[in-house]
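Since the structure comes first, as structure tokens, the remarks are kept for the end.
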Amino acid sequence: QPVASASIAQVHRGVTLDGRTVALKIQRPGIDEVIRSDLSILADLAALIERYLPRARIYRPVELVDQFAKTITLELDFAYEGRTMDLVRRNFRGDADLHVPEVLWTLSSECLLTMEFIEGVRLSDEALFAQAGIDTRHIATVGARYVLTQVFEHGIYNADPHPANFIVREDGVLVPLDFGMVGLLDQELKQALVSMLMAFISQDPDKLMRVFYNLELLTETTQRSRSEL
Numbered sequence: 107q108p109v110a111s112a113s114i115a116q117v118h119r120g121v122t123l124d125g126r127t128v129a130l131k132i133q134r135p136g137i138d139e140v141i142r143s144d145l146s147i148l149a150d151l152a153a154l155i156e157r158y159l160p161r162a163r164i165y166r167p168v169e170l171v172d173q174f175a176k177t178i179t180l181e182l183d184f185a186y187e188g189r190t191m192d193l194v195r196r197n198f199r200g201d202a203d204l205h206v207p208e209v210l211w212t213l214s215s216e217c218l219l220t221m222e223f224i225e226g227v228r229l230s231d232e233a234l235f236a237q238a239g240i241d242t243r244h245i246a247t248v249g250a251r252y253v254l255t256q257v258f259e260h261g262i263y264n265a266d267p268h269p270a271n272f273i274v275r276e277d278g279v280l281v282p283l284d285f286g287m288v289g290l291l292d293q294e295l296k297q298a299l300v301s302m303l304m305a306f307i308s309q310d311p312d313k314l315m316r317v318f319y320n321l322e323l324l325t326e327t328t329q330r331s332r333s334e335l
């Protein structure tokens, strides 16, 4: 029986020949063909929407589907996920409150990711989480530091940080899981995010709009023109 299950893969508990307990993330057979078929349908629908529903063009459906296709295709490559885990593991190697599982590369491939098995309680399991007597304020602080450090310092972040993708060990260490979906930020984007944050803090909507325009998040279809800024 799997210890975890999702649309693309299942996770099973296993033991190596030398007796080490591991987690095996196994890709569902044929899922790549299903996803490519669905993406083709989505692309056709997005093109039809842009052609026949002018009001929907502001949402850029074709561009959205294209970006989603790139993201989901990368998720199918477990070797890419493993390399990301290695990178994030190195980035946080000096943080005693965080632990990223080690990847066992000799037992991994594009469709199989083998990593150390972590015992603990998932954040999504509210009943067990409460019974474990975990310091929730501490975990919240560690989690916030984990996300903000990735975004504002490292420029690579886990883009799917929902509660089921975190485990808290018995010693209170936070363990992030599932690095199939990640985002990359260059220096310009990191600076823009800082500017957006400062605009929110100072309650400066004009500054926020300027950041949006500089990032090309707003177009000529927006009611407010550049001249007003």
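If you use the working numbering, the sequence shown corresponds to residues 107 to 335, in order. No residue lacks a Cβ here, since even glycine has one placed at the ideal position from N, Cα and C.
Exercise for the section: Classify R332 as buried or exposed, calling it buried when 16 or more other Cβ atoms lie within 10 Å of its own Cβ. Expected result: No answer about R332 holds up, because its pLDDT of 44 lies below 50 and its placement is not dependable.
Practice task
Within the same chain, show all residues whose beta-carbon is closer than 8 Å to that of L170, passing over the 5 residues directly before and after it, in chain order.
Solution key: These residues qualify, in order along the chain: A152.
Exercise for the section: Report buried or exposed for V350, applying the criterion of at least 16 other Cβ atoms within 10 angstroms of its Cβ. Expected result: Residue 350 lies beyond the range of the chain shown here (107 to 335); nothing can be said about it.
Problem - Segment contact, 8 Å Cβ cut-off, at least three pairs: the stretch 231 to 241 with the stretch 141 to 148 - result: no
Practice task
Have a look at D172 and P160 and give me their C-alpha separation to the nearest angstrom.
Solution key: 19 Å
Exercise for the section: With a 10 Å radius around its C-beta and 16 neighbouring C-beta atoms as the bar for buried, classify Q133 as buried or exposed. Expected result: buried
Problem - Neighbourhood of D138 by C-beta distance below 7 Å, restricted to the same chain and skipping five residues each side - result: L182
Problem - In DSSP terms, what T127 is bridged to - result: V121
Exercise for the section: Could you spell out the range, first to last residue, of the beta strand (DSSP E) harbouring Y263? Expected result: Run containing Y263: 262 to 264, per the beta strand (DSSP E) assignment.
Problem - 8 Å Cβ cutoff met for V253 and L299 - result: The answer is no: Cβ separation not under 8 Å.
Problem - Backbone CA spacing between V109 and N197 [nearest angstrom] - result: Answer to the nearest angstrom: the Cα atoms are 28 Å apart.
Exercise for the section: Decide if D284 is buried, meaning its Cβ has at least 16 other Cβ atoms within 10 Å, or exposed. Expected result: buried
Exercise for the section: Apply the 10 Å Cβ neighbour rule to Q191 and answer buried if 16 or more other Cβ atoms are within range, or exposed otherwise. Expected result: It should be pointed out that residue 191 corresponds to Met in this sequence rather than to Gln. The residue in question, M191, is buried, as its Cβ has 16 or more Cβ neighbours within 10 Å.
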